[in-house]
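The numbers in our numbering rise by one with no breaks, and the one at position 42 of the sequence shown is 302.
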Amino acid sequence: MKFSGSGTLSKMKYEDIIVSSGSLRMDGDIECLGFRSSGSARGEGNLIIHG
């Protein structure tokens with residue numbers, strides 16, 4: 261899952277790698293297979309990476 265510019269993720273389990281270039285906000289616990297950011301990422305909750 262790719263984000264360019266700005267985006268918001270809500271509490272969920274994603275069967276994908278999250279790639280963000282820009283601004284990303286996370287609300288709640290996020291589970292994913294990988295995470296990469298080349299901008300700002302902020303949020304509340306846990307970031308759980310399986311991979």
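Note that the Cβ used here is the ideal one computed from N, Cα and C, for glycine as well.
Here S281 is exposed, its C-beta having fewer than 16 other C-beta atoms within 10 Å. In the structure shown, D287 adopts extended strand secondary structure according to DSSP, grouped into three states.
Membership of L269 in the beta strand (DSSP E) is indicated by the continuous run 262 to 273. L293: not part of any beta strand (DSSP E); DSSP gives it neither H nor E. Taking all protein chains in view, the Cβ of I309 is surrounded by fewer than 16 other Cβ atoms within 10 Å, so the residue is classified as exposed.
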